[in-house]
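The numbers in the numbering used here rise by one with no breaks, and the one at position 134 of the sequence shown is 126. Just so it is clear, CB atoms sit at the ideal spot from N, CA and C, and this is done for glycine as well.
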Amino acid sequence: MRFMKGWSREKRKAATVGAKTFCRETDFTEVGIAAFYGYFAVNILMKSFGYDHGDGVYKCFMFFAILFLAVKVFTTRYTMREVMWSALLLGLGLLLGVVNKHGTWLLMFATVIGMKNVSFRRLVKLTIGIRVFCLIVMVIGSVFGVFDIGYTTVPDVHFRDVPVYSFGMKIPNTAFQTVFIVLVLLLYDHYKKLNVWWFVGTSAAALLFYRLTFCRTGIVVFFFCWALILFEKLVKREKAKFIFVLSVPVGVVFSLVMMMVYDAGNPIMGKINHIVTGRVYIMNGFYEKIGLSLIPRTQELFYANYYGLIDNVYMFILLYCGWIVALFVFYIVMKTLLALYKRGCYKELVMISAMALYGVLEQFVMNGFMNTFILLCAGLLYPQFFDTIDEERA
């Protein structure tokens, strides 16, 4: 080795022995796991501060995040089955990234591949810690002028202008999503301790930020989440809890039917479209103009026939990625839901069901750093990952 040039024989021998001892005594598997937590923390930090792939800060931090992920992958032993599935997921992620120009798929699949030997419970606690810290910084910083508080006005249900704030985020809805994610993760992490005081406290926080952001979607899903929690705790029959497994397929079917048969002249459909602020009209517009496809389609096709943002994760996947990819993704989700149900992981199913409703109204639920629960699908690739869901119970 060049750096040993000029060293004495004894010194070289001592260095070689020391290097061998270090390699023999170091648990590189644990080093890789620590590196993955670093990778995950960087991504959560970027999302918590509202950065995306177009920001210079994001690109800088993601460089280090990718290095952390590389350390995790190269220090992990994979079986042939895991290697084959990982190659399939990476290939699919690359394909969608090139065709759709959405890097979210590749990032999510790469994250799932790196999750072998990682604890889901620790990921949740890490996410809570970072998001709570960042939320406090953003709110206080916005109040004192460090960040742009994002003051603007929007019409309420009576078409009167009301003030709203984005607290350093791009739009007020994103600010409420941040609060919603924090509250849901707190409810999940303290699920066994939930009582009326938890309901009062979290509801007060949600209503306060609803008043400041006027995010109707988020506040509805928040109280829907509490309704699901109440149902799960009061209903003791396990078969009745199978209804949670149906949350995603119901969301998919409802969205698909509304998109395909939407009629503005129908008073019921018109009312539904009004409640979801034109989302059905937008999806139907794309469907009528470009239809559906078996394979992924380019982003340029949607820009050339623009009707608006597709704020429905199910139809976004179907329209952009085609039937083949959409059915594959929905199959993975359903297998995950069934696996959780068989293991009696009802609190996870409650949170996924809440996110399933949010998926009818937003896209962010397909991002593993916004919706931590989507990462539970890693249990299909690494069955032992399910054992880390509730390590206290295990």
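Next item on the list: Whole angstroms is fine: what's the gap from Gly85's alpha carbon to Thr67's?
Entry: 22 Å
Cβ contact check for the segment 234 to 254 and the segment 50 to 62: 3 or more pairs under 8 Å: no
* **Cβ pair Arg123, Ile163 closer than 8 Å** => no
* Assign Thr67 to one of three DSSP states: helix, strand, or coil. => coil
What's the gap between the Cα of Cys369 and the Cα of Lys327? 8 Å
Output the boundary residues of the alpha helix (DSSP H) element that contains Val104. 96 to 105
Are the CB atoms of Tyr316 and Ile287 nearer to each other than 8 Å?
What sits at residue 316 in the sequence shown is Ile, not Tyr. Yes, the pair counts as a contact, with Cβ atoms nearer than the cut-off.
_Phe28 beta carbon less than 8 Å from that of Lys64_ = yes
Per DSSP, what are the beta-bridge partners of Pro155 in this structure? Thr145
TODO: Output the residue ranges of the alpha helix (DSSP H) runs that lie fully inside the segment 201 to 264 and measure 4 residues or longer, sorted by chain position.
DONE: 208 to 226, 239 to 253
So for Tyr43, helix, strand or coil by DSSP? coil
Phe55 versus Trp97: straight-line alpha-carbon distance, rounded: 18 Å
Q | C-alpha gap between Ser111 and Ala296, whole angstroms | A | 44 Å
Query - Reference Ala331; option with closest CA among Ile264, Val237, Tyr254 - result: Val237
Return helix, strand or coil for Cys369, following the three-state DSSP convention. helix
Residue from Ser134, His45, Ile120 with nearest C-alpha to Lys93:
His45
| query | Going by Cα to Cα distance, which pick from Ala79, Val192, Phe60 is closest to Ala33? | reply | Phe60
For Thr145, count neighbouring Cβ atoms within 10 angstroms of its own Cβ and tell me buried if that reaches 16, exposed if not. exposed
- prompt: Considering only C-alpha positions, which residue in the set Pro147, Asn304, Leu293 is nearest to Leu268?
  reply: At residue 268 the sequence reads Val, which differs from the Leu that was named. It is Asn304 whose Cα lies nearest to the Cα of Val268.
- Task: Work out the CA separation of Val135 and Cys126 for me, nearest whole Å.
- Result: 14 Å
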